[in-house]
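First residue of the sequence shown? That's 1141 in my numbering, and the numbers climb one at a time after it.
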Amino acid sequence: MAVLVARGLACDKAIQRGCSPKLSHIVTSVYHRKETLAFDDVYETKDYDITGTLNTDKTYGYRCKSMITIPLMNHEEEVLGVMQFINAMDEDRQIISFTEEHVTMLQSLASQAAIALSNRKLIENLENLLMEFIRSIAVAIERKSKYSSDHIMRVAKLTEMLAERIHNAESGHFAETRFTPNELKEISMAGWMHDMGKIITPEFVMDKSRKLERIMDGIQVVQERFARLALLIKYLRTQLSAEELTAFIHEHISSAADSSTIDSFLEEARCFIENLNVGDEFVPKEKIERMEALAGIDFEYEGCHFFLLDELDRKNLSIQRGTLNSEELKVMRAHVSITWEMLSQLSFPKKYKNVAFYASTHHEALNGSGYPKGLDAPQLPLQSRMIAVVDIFEALTAADRPYKTPKTLSEAFGIMANMAKGGHLDKDLVDFFMDSGLYLDFARANMLPEQIDEVDIPLIKSRYHFA
Ligand SMILES: [Fe+2]
Ligand SMILES: [Fe+2]
1141 MAVLVARGLA
1151 CDKAIQRGCS
1161 PKLSHIVTSV
1171 YHRKETLAFD
1181 DVYETKDYDI
1191 TGTLNTDKTY
1201 GYRCKSMITI
1211 PLMNHEEEVL
1221 GVMQFINAMD
1231 EDRQIISFTE
1241 EHVTMLQSLA
1251 SQAAIALSNR
1261 KLIENLENLL
1271 MEFIRSIAVA
1281 IERKSKYSSD
1291 HIMRVAKLTE
1301 MLAERIHNAE
1311 SGHFAETRFT
1321 PNELKEISMA
1331 GWMHDMGKII
1341 TPEFVMDKSR
1351 KLERIMDGIQ
1361 VVQERFARLA
1371 LLIKYLRTQL
1381 SAEELTAFIH
1391 EHISSAADSS
1401 TIDSFLEEAR
1411 CFIENLNVGD
1421 EFVPKEKIER
1431 MEALAGIDFE
1441 YEGCHFFLLD
1451 ELDRKNLSIQ
1461 RGTLNSEELK
1471 VMRAHVSITW
1481 EMLSQLSFPK
1491 KYKNVAFYAS
1501 THHEALNGSG
1511 YPKGLDAPQL
1521 PLQSRMIAVV
1531 DIFEALTAAD
1541 RPYKTPKTLS
1551 EAFGIMANMA
1561 KGGHLDKDLV
1571 DFFMDSGLYL
1581 DFARANMLPE
1591 QIDEVDIPLI
1601 KSRYHFA
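Right, dumping it as structure tokens:
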């Protein structure tokens, strides 16, 4: 006896396309009418179109005779598919009609199959729901920020692409590395959830685009203080001799200026503070010292208080990299601990048990200098290292961050080479990321044309392999 199982997908898709079901076909009729059909000899039916059966029989030299087609229905009377049994046989292997006993037994088998299908569908639906839920949380986090619109989505997609490329690698360091379908899904989930903890990071910290930014960029307040001081100098010119004004300037403002240079001194100082506020480049010690000297300008004149920078301005302008001060950096960095706290409480299926760990270790470094736990190389699996590489690459090249200009490909790889050299990133992964050309596929789809420059891969590799 032959058994055919058809799931209802083809029928459903046809209906979605606007076609009406062909009820003259046996399987379609059973699927839509939810009724079992049995034939002693299907060739004799005048009620149904059996062209398909005749063609199949002709192709394979078979002869369908007795046939029973049963709908597979779940507990909600929804048809999941149909089962078709062909050519019942007696003990002598002669084809006979399906008996009532056969029908009862096969219907019971069909309901068992329906339960199995139903369970499978339920699991698939739950997994789909989980993925949709994960993506909607990612969208919610991205919406929090005015600027970084798609970081999580881009990191997730690039992580998936990297995992696929490694899985398919036929040569090189990862030639032997293979992921199971569940492992690929696990990595993908971790990518989607890697910044989940940012759900509680204050928007003020996430979006801080300038060092002096509080509710608004504090540079305007500082500019007003400069203007006030310039007005005072203008007034004093009418009241004091040049020597007296120079003495006043030396006492209260700077010994580097005098009555003839004070205007340009203040103008240059204002421009210097405005540039320092941006936070794009690393700030050397000399610039911090110059800012400290300006912060030292603080005096009273005829009952009025004149100063340029308050204590918080001084602290913020002392930031040497980026725009976040030490407290804000702490708040920002907490997102990975929160990611761990949130995800480790979820009961992921066993096959996805590492999602929380992979997701929450993307700021760890192989040399142990990362956060939050300071894990080192033996504690960091390939999946954690992959998300770390992708996260850095996306952050460096993203064109939507207010606190930095996007890096070109060669600038980004230059920085990543330093990180590989310093023991932060996995050298083999950085190699693979460049050699596989994955970065170019990503760049063409996500970066500005002016960012996509020529990358001298051997030169970049030489910085961390042979240094
Ligand atoms: Fe992160
Ligand atoms: Fe991230």
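A virtual CB, placed ideally from N, CA and C, is assigned to each residue, including glycine.
Checklist entry - From Thr-1386 to Ile-1359, what distance separates their C-alpha atoms? => result In the sequence shown, residue 1386 corresponds to position 246, counting from 1. In the sequence shown, residue 1359 corresponds to position 219, counting from 1. Computed Cα separation, rounded: 28 Å.
Checklist entry - Should Leu-1369 and Ile-1437 be called a contact, given that it needs their Cβ atoms to be closer than 9 Å? => result Looking up residue 1369 in the sequence shown gives position 229. Looking up residue 1437 in the sequence shown gives position 297. At a Cβ-Cβ threshold of 9 Å, Leu-1369 and Ile-1437 count as neighbours.
Checklist entry - For Val-1570, does the three-state DSSP call read helix, strand or coil? => result Residue mapping note: residue 1570 aligns to position 430 of the sequence shown, counting from 1. Helix.
Checklist entry - Is it the case that the Cβ atoms of Ser-1500 and Trp-1480 are separated by a distance below 9 Å? => result For this step, residue 1500 is matched to residue 360 along the sequence shown. For this step, residue 1480 is matched to residue 340 along the sequence shown. Cβ distance < 9 Å, so Ser-1500 and Trp-1480 count as in contact.
Next on the checklist: Please state the DSSP three-state secondary structure of Leu-1448.
Outcome noted: By 1-based counting over the sequence shown, the position of residue 1448 is 308. Here Leu-1448 sits in coil by DSSP.
Item to check | Backbone CA spacing between Met-1223 and Ala-1250 [nearest angstrom] | outcome: Taking the sequence shown and counting its residues from 1, the one referred to as residue 1223 is at position 83. Taking the sequence shown and counting its residues from 1, the one referred to as residue 1250 is at position 110. Approximately 7 Å, taken between the alpha carbons.
Next on the checklist: Which same chain residues end up closer than 8 Å to Pro-1589 when comparing Cβ atoms and leaving out the 5 residues on each side of it in sequence?
Outcome noted: The residue given as residue 1589 occupies position 449 in the sequence shown. No residues qualify anywhere along the chain.
Next on the checklist: Below 8 Å, is the gap between the Cβ of Ala-1552 and the nearest heavy atom of ligand 2?
Outcome noted: Within the sequence shown, the letter at position 412 stands for residue 1552. No, the Cβ of Ala-1552 stays beyond 8 Å of every heavy atom of ligand 2.
Checklist entry - Which of helix, strand or coil does DSSP assign to Leu-1486? => result Along the sequence shown, one-based indexing puts residue 1486 at 346. Coil, per DSSP.
Checklist entry - Around ligand 4, what residues have a beta-carbon under 5 Å from a heavy atom of it, in chain order? => result Of the ligands one can find in the structure shown, namely ligand 1 and ligand 2, none is ligand 4.
Item to check | Proximal residues to Ile-1389 (C-beta, below 7 Å), its chain only, five neighbours per side dropped | outcome: Against the sequence shown, residue 1389 aligns to sequence position 249. In its chain, beyond the 5 residues on either side, Ala-1397, Asp-1398, Ser-1399 and Ile-1402 have a beta carbon closer than 7 Å to the beta carbon of Ile-1389.
Checklist entry - Is Lys-1513 near ligand 1, with its Cβ less than 8 Å from a heavy atom? => result The residue you call residue 1513 lines up with position 373 of the sequence shown. Relative to the non-hydrogen atoms of ligand 1, the Cβ of Lys-1513 never comes closer than 8 Å to any of them.
Checklist entry - In or out: Asn-1502 buried (at least 16 other Cβ within 10 Å) or exposed? => result Counting from one through the sequence shown, the residue named residue 1502 turns up at place 362. Residue 1502 is actually His in this sequence, not Asn. The residue is buried, with at least 16 neighbouring Cβ atoms inside 10 Å.
Next on the checklist: Assuming contact is defined by CB atoms lying nearer than 9 Å, are Glu-1413 and Val-1362 in contact in what I supplied?
Outcome noted: In the sequence shown, residue 1413 corresponds to position 273, counting from 1. In the sequence shown, residue 1362 corresponds to position 222, counting from 1. The question names Glu, but residue 1413 is Ile in the sequence shown. Yes, they are a contact pair.
Next on the checklist: Once DSSP output is grouped into helix, strand and coil, what is the label at Val-1595?
Outcome noted: Locating residue 1595 in the sequence shown gives position 455, where the first residue counts as 1. Coil at Val-1595, not helix or strand.
Checklist entry - Of the choices Glu-1432, Arg-1305 and Tyr-1441, whose alpha-carbon is the least far from that of Asp-1450? => result Translated into the one-based positions of the sequence shown, residue 1450 becomes position 310. For Asp-1450, the nearest C-alpha among the options comes from Glu-1432.
Checklist entry - Grouping DSSP H, G and I as helix and E and B as strand, with all else coil, what is Glu-1391? => result Position 251 of the sequence shown, counting from 1, holds the residue named residue 1391. Reduced to three states, the DSSP call for Glu-1391 is helix.
Item to check | Simplified DSSP state of Leu-1298, which is helix, strand or coil | outcome: As a first step, residue 1298 is located in the sequence shown; it is residue number 158 there, counting from the start. Reduced to three states, the DSSP call for Leu-1298 is helix.
Checklist entry - Which two residues bound the contiguous alpha helix (DSSP H) that contains Pro-1321? => result Translated into positions along the sequence shown, residue 1321 becomes position 181. Where Pro-1321 is concerned, the enclosing alpha helix (DSSP H) starts and stops at 1321–1333.
Checklist entry - Alpha carbon to alpha carbon, how far is His-1165 from Glu-1323? => result Taking the sequence shown and counting its residues from 1, the one referred to as residue 1165 is at position 25. Taking the sequence shown and counting its residues from 1, the one referred to as residue 1323 is at position 183. Roughly 42 Å between the two C-alpha positions.
Checklist entry - Beta carbon of Ala-1253, beta carbon of Leu-1194: below 9 Å? => result Translated into positions along the sequence shown, residue 1253 becomes position 113. Translated into positions along the sequence shown, residue 1194 becomes position 54. Inclusion of Ala-1253 and Leu-1194 in the CB contact set at 9 Å is not warranted, their separation being larger than that value.
Next on the checklist: I need the DSSP call for Pro-1211, collapsed to helix, strand or coil.
Outcome noted: What you label residue 1211 is simply residue 71 of the sequence shown in a count that begins at 1. Correct three-state label for Pro-1211: strand.
Checklist entry - Expressed to the nearest angstrom, what Euclidean distance is found between the alpha-carbon atoms of Leu-1262 and Ala-1256? => result Mapped onto the sequence shown, residue 1262 falls at position 122. Mapped onto the sequence shown, residue 1256 falls at position 116. So the two alpha carbons sit approximately 10 Å from each other.
Checklist entry - What three-state label does DSSP hand Asp-1438 in the structure shown? => result The residue labelled residue 1438 in the question sits at position 298 within the sequence shown. Note: Asp-1438 maps to strand in three-state DSSP.
Checklist entry - Helix, strand or coil: how does DSSP classify Asp-1357 here? => result Taking the sequence shown and counting its residues from 1, one reaches residue 1357 at position 217. The three-state reading of DSSP puts Asp-1357 in strand, counting E and B together.
Item to check | Start-to-end residues for the beta strand (DSSP E) that takes in Gly-1192 | outcome: Position 52 of the sequence shown holds residue 1192. Gly-1192 -> not in any beta strand (DSSP E); alpha helix (DSSP H) instead, spanning 1191–1200.
Next on the checklist: I'd like the list of long-range same chain contacts for Lys-1547, defined as Cβ closer than 8 Å, with 5 residues on each side in sequence excluded.
Outcome noted: The residue you call residue 1547 lines up with position 407 of the sequence shown. Contacts found: Leu-1536, Thr-1537, Ile-1555 and Gln-1591.
Next on the checklist: I need the DSSP call for Gly-1577, collapsed to helix, strand or coil.
Outcome noted: The count along the sequence shown starts at 1 and reaches residue 1577 at position 437. DSSP places Gly-1577 in coil when its eight states are reduced to three.
Next on the checklist: Between Ser-1524 and Asp-1593, how many whole angstroms is the CB-CB distance? I'm expecting something under 8 Å.
Outcome noted: Sequence index remark: in the sequence shown, residue 1524 carries index 384 (1-based). Sequence index remark: in the sequence shown, residue 1593 carries index 453 (1-based). The Cβ separation is near 30 Å, so there is no contact.
Checklist entry - Hey, Phe-1533 and Ala-1552 are a contact pair by Cβ (cut 8 Å); roughly how many whole angstroms apart? => result Taking the first residue of the sequence shown as 1, we reach residue 1533 at position 393. Taking the first residue of the sequence shown as 1, we reach residue 1552 at position 412. 6 Å between Cβ atoms; contact.
Item to check | For Ala-1367, the nearest candidate out of Ala-1330, Cys-1411 and Ala-1517 (CA to CA) | outcome: The count along the sequence shown starts at 1 and reaches residue 1367 at position 227. For Ala-1367, the closest of Ala-1330, Cys-1411 and Ala-1517 by C-alpha to C-alpha distance is Cys-1411.
Item to check | Top-ranked residue by Cα proximity to Lys-1325, from Asp-1566, Leu-1565, Tyr-1492 and Tyr-1511 | outcome: Counted from its first residue, the sequence shown places residue 1325 at position 185. Ranking Asp-1566, Leu-1565, Tyr-1492 and Tyr-1511 by Cα distance to Lys-1325 puts Tyr-1492 first.
Checklist entry - Which residue's Cα is closest to the Cα of Ile-1459: Phe-1319, Asn-1417 and Lys-1470? => result By one-based count along the sequence shown, residue 1459 stands at place 319. Nearest in C-alpha terms to Ile-1459, of all of Phe-1319, Asn-1417 and Lys-1470, is Asn-1417.
Checklist entry - What separation, rounded to the nearest whole angstrom, lies between the Cα atoms of Glu-1343 and Lys-1544? => result By 1-based counting over the sequence shown, the position of residue 1343 is 203. By 1-based counting over the sequence shown, the position of residue 1544 is 404. Those two C-alpha atoms are separated by around 17 Å.
Checklist entry - What's the call for Val-1167, buried or exposed, on a 16-neighbour Cβ count within 10 Å? => result Reading the sequence shown from its first residue, position 27 is the one you call residue 1167. Around the beta-carbon of Val-1167, 16 or more other beta-carbon atoms lie within 10 Å, marking it buried.
Next on the checklist: Quick check: the Cα distance between Ala-1315 and Asp-1568, rounded to an integer number of angstroms?
Outcome noted: In the sequence shown, residue 1315 corresponds to position 175, counting from 1. In the sequence shown, residue 1568 corresponds to position 428, counting from 1. Computed Cα separation, rounded: 12 Å.
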